[in-house]
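Asker: In our numbering, the protein residues as written are 6 to 236.
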């Protein structure tokens, strides 16, 4: 019951602070990264979670791939990652009245996951964002998982990396679904882990994407096993 009440209060807080953030993003366009980062850091205190970082971000990596469990994935990485990220998001988010501007205002990339031609849009806009000094962040699973396993990767991230010759850094996030579950509308405090794995050059191995997926799956399984043993 407490987790449910906390979850509902969190939704109200999101409504207020996200709309405020959107306004600030439009007014202070040259400070958008700082605004987003400040909002994300504020959320870590409001939501009551602590980030345990393992490994380090690679400043040369231009494409970040991470597993997806919750909206907290985005919040946490925005809070700690030093670079200005451009997130690839589903088109449905951009179409939400008012709140869709959280995609539009900071120049994120919204795609129709059912349209195979969307990869053309991703490549075109990614080139533009990279020229602006940003890095691209994607969820290769294409949708949220249950937090207990890694879903099969879609091909979009592989095509983007190879087409633009981008150095890729995989990241494994764990326990964010426990912090906030948007389906059950429950929220808890606690720790989440963000693990930066070694970067990969797509030119180094034709099977790089499959190997990256397997390494991420193994690391997530290890993190989950470690959580269980510590309970």
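All residues carry an ideal CB built from backbone N, CA and C; glycine is no exception.
Below 7 Å CB to CB, which residues in the same chain sit around residue 235 once its five sequence neighbours on both sides are set aside?
Answerer: At residue 235, the pLDDT of 48 sits below 50, so the modelled position is not reliable; the number obtained from the coordinates is stated separately. So the list is empty, once near-sequence residues are dropped.
Asker: On the three-state DSSP scale, how would you describe residue 43?
Answerer: helix
Asker: Less than 6 Å between C-beta atoms, sequence neighbours within five positions excluded: which residues of the same chain meet that for residue 167?
Answerer: 207
Asker: Could you spell out the range, first to last residue, of the beta strand (DSSP E) harbouring residue 5?
Answerer: In this structure the chain extends from 6 to 236, so residue 5 is not present and cannot be described.
Asker: Quick check on the burial criterion: 16 or more other C-beta atoms within 10 angstroms. Buried or exposed for residue 25?
Answerer: So residue 25 ends up on the exposed side.
Asker: Below 8 Å CB to CB, which residues in the same chain sit around residue 18 once its five sequence neighbours on both sides are set aside?
Answerer: The answer, listed in chain order, is 51.
Asker: How would you write the range of the alpha helix (DSSP H) that residue 59 sits in, first residue to last?
Answerer: It is not in any alpha helix (DSSP H) - residue 59 instead sits in the beta strand (DSSP E) that spans 54-59.
Asker: Can you confirm whether the segment 120-127 touches the segment 70-78 when touching is taken to mean that 3 or more C-beta pairs between the two stretches lie within less than 8 Å?
Answerer: no
Asker: What does residue 95 pair with, by DSSP beta-bridge criteria?
Answerer: 116
Asker: What's the call for residue 35, buried or exposed, on a 16-neighbour Cβ count within 10 Å?
Answerer: exposed
Asker: Taking the DSSP output, what are the residues bridged to residue 175?
Answerer: 70
Asker: Leaving out five residues on either side along the sequence, give the residues of the same chain with a beta carbon under 7 Å from the beta carbon of residue 40.
Answerer: Around residue 40, the same chain offers 26, 29, 30, 33 as residues with beta carbons nearer than 7 Å, after the five sequence neighbours per side are excluded.
Asker: Helix or strand or just coil, what does DSSP make of residue 198?
Answerer: strand
Asker: Measure the alpha-carbon distance for residue 243 versus residue 156 and round it to whole angstroms.
Answerer: Because the chain is modelled from 6 through 236, residue 243 falls outside the range shown and cannot be assessed.
Asker: Using the three-state DSSP reduction, which class does residue 188 fall into: helix, strand or coil?
Answerer: Coil.
Asker: Where does residue 203 land, buried or exposed, given buried means 16+ other C-beta within 10 angstroms?
Answerer: exposed
Asker: Would you call the segment 212-229 and the segment 172-185 touching, i.e. three or more CB-CB distances under 8 Å?
Answerer: Result yes; three or more Cβ-Cβ pairs closer than 8 Å.
Asker: Can you tell me the Cα-Cα spacing of residue 228 and residue 192, whole angstroms?
Answerer: 21 Å
Asker: Please identify the residue among 68, 125, 139, 43 whose C-alpha is closest to the C-alpha of residue 23.
Answerer: 43
Asker: For residue 108, which residues in the same chain have their Cβ closer than 6 Å to its Cβ, ignoring the five residues on either side in sequence?
Answerer: 94, 98, 99, 115
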